[in-house]
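Below is one structure; the comments refer to it alone.
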Amino acid sequence: DQQVKQNSPSLSVQEGRISILNCDYTNSMFDYFLWYKKYPAEGPTFLISISSIKDKNEDGRFTVFLNKSAKHLSLHIVPSQPGDSAVYFCAASAGQGGSEKLVFGKGTKLTVNP
Amino acid sequence: DAGVTQSPTHLIKTRGQHVTLRCSPISGHKSVSWYQQVLGQGPQFIFQYYEKEERGRGNFPDRFSARQFPNYSSELNVNALLLGDSALYLCASSLVPGINQPQHFGDGTRLSIL
Numbered sequence: 009d010q011q012v013k014q015n016s017p018s019l020s021v022q023e024g025r026i027s028i029l030n031c032d033y034t035n036s037m038f039d040y041f042l043w044y045k046k047y048p049a050e051g052p053t054f055l056i057s058i059s060s061i062k063d064k065n066e067d068g069r070f071t072v073f074l075n076k077s078a079k080h081l082s083l084h085i086v087p088s089q090p091g092d093s094a095v096y097f098c099a100a101s102a103g104q105g106g107s108e109k110l111v112f113g114k115g116t117k118l119t120v121n122p
Numbered sequence: 019d020a021g022v023t024q025s026p027t028h029l030i031k032t033r034g035q036h037v038t039l040r041c042s043p044i045s046g047h048k049s050v051s052w053y054q055q056v057l058g059q060g061p062q063f064i065f066q067y068y069e070k071e072e073r074g075r076g077n078f079p080d081r082f083s084a085r086q087f088p089n090y091s092s093e094l095n096v097n098a099l100l101l102g103d104s105a106l107y108l109c110a111s112s113l114v115p116g117i118n119q120p121q122h123f124g125d126g127t128r129l130s131i132l
């Protein structure tokens with residue numbers, strides 16, 4: 009029973025173009041969503057987050073969109089750069105009783121070609 | 019500023035042995051969580067600790083245990099190791115639980131069971 013799904017295992021884009029990574033969730037109790045980037049041999053690095061009271065959050069080249077009715081969020085990277093090549097994880101938490109349990113998707117490997 | 023630090027970085031054990039993994043959170047962070055990441059999957063929540071108390075537990079057997087010390091560092095212990103315990107073990111820290119905030123991860127301990 010996977011509560012957070014990233015249905016695209018991989019994505020390849022050209023440098024300078026937009027990268028769109030998608031994530032779907034099933035648990036309506038999730039109220040906080042995060043994106044992490046992971047390089048090989050390193051831990052996940054926090055990129056951007058969004059609370060369920062918002063539908064968009066922007067930080068530089070990264071924008072996260074949340075569609076609560078569709079239980080869907082997406083990460084937009086524009087313009088994409090070769091250094092963005094990594095595995096991107098979508099994560100969600102329900103904040104129940106102060107628990108910070110994060111539920112992760114399986115990740116999408118992004119390759120940005122020069 | 020130092021991020022989350024984990025030790026050791028790599029570890030090789032045999033079936034039936036036990037292992038202790040260590041984590042030091044970011045200075046000022048009081049909440050520590052542990053995750054297991056197997057190849058091809060996203061990180062899976064094991065435990066969360068805050069003020070030395072367990073605040074959350076994932077779906078892992080009792081062979082897994084953890085504790086948090088007065089300086090907020092933490093240990094994860096795994097007894098009676100199985101081949102399936104081979105994974106990357108990640109520690110994450112945050113300021114306090116109960117508010118929407120990102121968790122910051124260390125680079126993990128790569129545990130291999132022979």
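Sequence lines, in order, name chains P and G. Heads up, this note's numbering is the position in the first sequence plus 8, with the first residue counted as 1. Heads up, this note's numbering is the position in the second sequence plus 18, with the first residue counted as 1. For each residue, glycine too, the CB sits at the ideal point set by N, CA and C. These numbers come from a predicted model, not from an experiment.
* Beta-carbon gap between P/Y96 and P/G68 smaller than 9 Å -> no
* Would you list the one or two residues that DSSP bridges to G/L39? => G/L94
* With DSSP collapsed to three states, give me the class of P/L81. => strand
* Any Cβ of chain P within less than 9 Å of the Cβ of G/G76? -> yes
* Classify G/G102 as helix, strand or coil using the three-state DSSP reduction. => helix
* Asked: So with Cβ pairs under 9 Å, would you call P/L118 a contact of chain G?
  -> no
* Taking 9 Å as the CB-CB limit, is P/T34 close to chain G? -> no
* **Close-in-space but distant-in-sequence residues of the same chain around P/S59 (CB under 6 Å, 5 per side omitted)** => Y40
* Taking just the CA atoms, how far does P/E50 sit from G/G34? -> 28 Å
* Asked: Looking only at its own chain, which residues have a Cβ that is under 6 Å from the Cβ of P/D63, when we skip the five neighbours before and after it?
  -> L74
* Asked: Along chain P, which residues have their Cβ under 7 Å away from the Cβ of G/Q86?
  -> Per Cβ cutoff of 7 Å: no residues; G/Q86 is ~14 Å from chain P at best.
* Range covered by the beta strand (DSSP E) that runs through P/K109 -> Per DSSP, P/K109 belongs to no beta strand (DSSP E) and is neither H nor E.
* To do: Can you grab the Cα-Cα spacing for the pair G/L132 / G/L100, in whole Å?
  => 9 Å
* Asked: What do you get for G/T127, buried or exposed, if any count of 16 or more other CB atoms within 10 angstroms of its CB means buried?
  -> buried
* How many angstroms separate the CA atom of P/L19 from the CA atom of G/V56? -> 21 Å
* **Of the listed residues P/Q22, P/G24, P/G113, nearest to P/L81 (C-alpha basis)** => P/G113
* Let me know the secondary structure DSSP gives G/G74 once reduced to three states. => strand
* Asked: Between G/N118 and the rest of its own chain, which residues show a CB-CB distance below 7 Å, the 5 nearest in sequence each way excluded?
  -> none
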